[in-house]
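These notes concern the structure reproduced below.
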Amino acid sequence: MATFVQSIPETVDPCTASPIGCSPSSPFVTCTGSITSPYSGDVIVPINGACTITAPASVHNVFVMTGANLTVVGATINGDLIGNYSQSITLRNANVYGWTGLYNVQATSISGSSLNTSGNLSISHDGCCSAMYGGGRGSFAMTNSTVTGQIENEVGHQTFFVGNHVTGRLEVESADQGSIIGNTVGSLDLDQNGVVVIASNTVNGIAKYGTNGWCGTGYNVILGGTQGICVGNVEVDVENTGSIPVKFVSAYMTNIPLAGNPSWQLASGHQVQCGAILSLTCSQLPIIIPVGDMAQITMGWTPPASSFPLPWNYIYFIFVSSHANFVDGYLYFSVGLGLPMQSRLENRICPPCW
Numbered sequence: 372m373a374t375f376v377q378s379i380p381e382t383v384d385p386c387t388a389s390p391i392g393c394s395p396s397s398p399f400v401t402c403t404g405s406i407t408s409p410y411s412g413d414v415i416v417p418i419n420g421a422c423t424i425t426a427p428a429s430v431h432n433v434f435v436m437t438g439a440n441l442t443v444v445g446a447t448i449n450g451d452l453i454g455n456y457s458q459s460i461t462l463r464n465a466n467v468y469g470w471t472g473l474y475n476v477q478a479t480s481i482s483g484s485s486l487n488t489s490g491n492l493s494i495s496h497d498g499c500c501s502a503m504y505g506g507g508r509g510s511f512a513m514t515n516s517t518v519t520g521q522i523e524n525e526v527g528h529q530t531f532f533v534g535n536h537v538t539g540r541l542e543v544e545s546a547d548q549g550s551i552i553g554n555t556v557g558s559l560d561l562d563q564n565g566v567v568v569i570a571s572n573t574v575n576g577i578a579k580y581g582t583n584g585w586c587g588t589g590y591n592v593i594l595g596g597t598q599g600i601c602v603g604n605v606e607v608d609v610e611n612t613g614s615i616p617v618k619f620v621s622a623y624m625t626n627i628p629l630a631g632n633p634s635w636q637l638a639s640g641h642q643v644q645c646g647a648i649l650s651l652t653c654s655q656l657p658i659i660i661p662v663g664d665m666a667q668i669t670m671g672w673t674p675p676a677s678s679f680p681l682p683w684n685y686i687y688f689i690f691v692s693s694h695a696n697f698v699d700g701y702l703y704f705s706v707g708l709g710l711p712m713q714s715r716l717e718n719r720i721c722p723p724c725w
């Protein structure tokens, strides 16, 4: 079992808050197919429509309406990009010269792209120097992209930033699940998220950790110091349904020995054998579980430095007994931390088990 956590909701900005509003100016073209050559005017993707813009095309402002789909591959948007309740927006090796506003877009995928290439830092949106805003309970993934200025992303369901370079502040707020991995950012601001993992980033300024339900961090280089704390504790309840006491002599998270000792207690409220003394709680191994009782075990988790699957969406744990048996299981990052499958008890030896 694990503590259920979820994000703290926040109001999503309307598209009327964007620098250019929600609709195009004349001249503009309505795209329901593809654009493959330069066009100097605005482009609108109509309600429930679909548009693909490919190199060597270039256009001015682009507006993606309710239920519409936009795909930009290798092309350039010489103005701003606005999505309003759109179904999907995909940018691959694309360039956006101006500002990007994504309001309640269901699915956003940005890879190998450059945003705010104009370098304009005069737009204020939750602070100065805004390059991009994204808000709403959709999925958002940005990988291997460059952003000149600040990104604010809030109220997302799944929000992933992996391998990007952001010159300004990266803010992720009120996301159900967030992964910020392998980025270089000007500063970092994380608040009101449900589950958030921060690993292997370089933060050239300050990293601020607010009220996040579950927060795991490790292997980051933070040059400006931190404000607040990022706590990634995992609680696992293990019940002894056998006929003899169980003694756990080692514990692993994601196949790595714990950096520190776990903290544990018995669900019955009875005292535990903690080294040479009896106590209600214990912060050292071994973990001894009497027959018919349950151990409530809390462990701190640090994400791996590298070489792990992305997006990181689960934790694997192992407890090894003095009889060379082990119990293991998975904690998945969904809306919160949960254990959708029962832990397994097997009589075998496995790496890194004994």
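Heads up: the sequence shown begins at 372 in the numbering used here, then just goes up one per residue.
Built from N, CA and C at the ideal position, the CB exists for glycine as well.
| Check | Outcome |
| --- | --- |
| Length-filtered (4 minimum) alpha helix (DSSP H) runs lying within the stretch 395-461 | none |
| C601 versus T588: straight-line alpha-carbon distance, rounded | 7 Å |
| For S558: DSSP bridge partner residues | R540 |
| Length of the line joining the Cα atoms of H528 and M503 | 18 Å |
| Neighbourhood of V383 by C-beta distance below 8 Å, restricted to the same chain and skipping five residues each side | Y474, N475, G506, G507, E525 and V526 |
| Cβ contact check for the stretch 410-424 and the stretch 531-545: 3 or more pairs under 8 Å | no |
| Validate contact between the stretch 485-496 and the stretch 433-446 using beta carbons, cut 8 Å, 3 pairs | no |
| Short Cβ contact (8 Å threshold) for Q667 with Q636 | yes |
| Inter-stretch contact (C-beta, 8 Å, three-pair minimum) for the stretch 440-447 and the stretch 456-468 | yes |
| Three-pair Cβ contact test at 8 Å for the stretch 476-483 versus the stretch 407-422 | no |
| Between the CA atoms of G498 and P390 - distance to the nearest angstrom | 14 Å |
| Pick from D562, N572, G534 and S692 that is closest to V345, judged by C-alpha positions | Beyond the ends of the chain as shown, which are 372 and 725, falls residue 345; an answer cannot be given. |
| Cβ shell of V556 (< 6 Å), same chain only, five flanking positions each side left out | V537, L541 and V574 |
| Beta-ladder partner(s) of W350, from DSSP | The first residue shown for the chain is 372 and the last is 725, placing residue 350 beyond what the model contains. |
| Contact belief for D608 with K579 at Cβ below 8 Å, rounded distance in angstroms | About 33 Å separates the two Cβ atoms, so there is no contact after all. |
| Residues of its chain near Y687, where Cβ-Cβ distance is below 6 Å and the 5 sequence neighbours each way are ignored | T625 and Y701 |
| Residue range of the beta strand (DSSP E) that includes Y701 | F697 to F704 |
| One or two residues paired with T471 in a DSSP bridge | L452 and M503 |
| Nearest-angstrom beta carbon gap, T652 and S634 [assumed within contact, 8 Å] | 6 Å |
| Exposed unless 16 or more other CB atoms sit within 10 angstroms - verdict on E381 | exposed |
| Contact check, F619 vs S692, beta carbons under 8 Å | yes |
| Best match in I379, P409 and D451 for proximity to S394 [C-alpha to C-alpha] | D451 |
| Per-residue burial, S457 [other beta carbons within 10 Å of its own, 16 or more giving buried] | buried |
| Buried or exposed by the 16-neighbour rule on C-beta atoms within 10 Å, applied to H694 | exposed |
| Option nearest Y685 by Cα separation, candidates G663, V605, I648 and G631 | V605 |
| Alpha-carbon to alpha-carbon, I551 and Y703 | 17 Å |
| Assigned secondary structure, T625 (DSSP; H/G/I helix, E/B strand, else coil) | coil |
| Spatial distance of P722 from N432 (CA atoms) | Because the pLDDT at P722 is just 47, under 50, the model does not fix this residue reliably, and the point stays unresolved. |
| Rounded separation between S545 and G581 - CA only | 11 Å |
| Assigned exposure category for P674 - 16 Cβ within 10 Å defines buried | buried |
| Beta-carbon proximity of G534 to N554, cut-off 8 Å | yes |
| A512, enclosing beta strand (DSSP E) - first and last residue | S510 to T514 |
| Residues that T530 bridges to, as DSSP identifies them | F511 and G549 |
| As assigned by DSSP and simplified to three states, the class of A465 | coil |
| Coarse secondary structure for N718, derived from DSSP in three states | Low confidence applies to N718: its pLDDT is 46, below 50, so where it sits in the model is not reliable enough to give any reading. |
| Proximity below 8 Å, CB of S614 to CB of V662 | yes |
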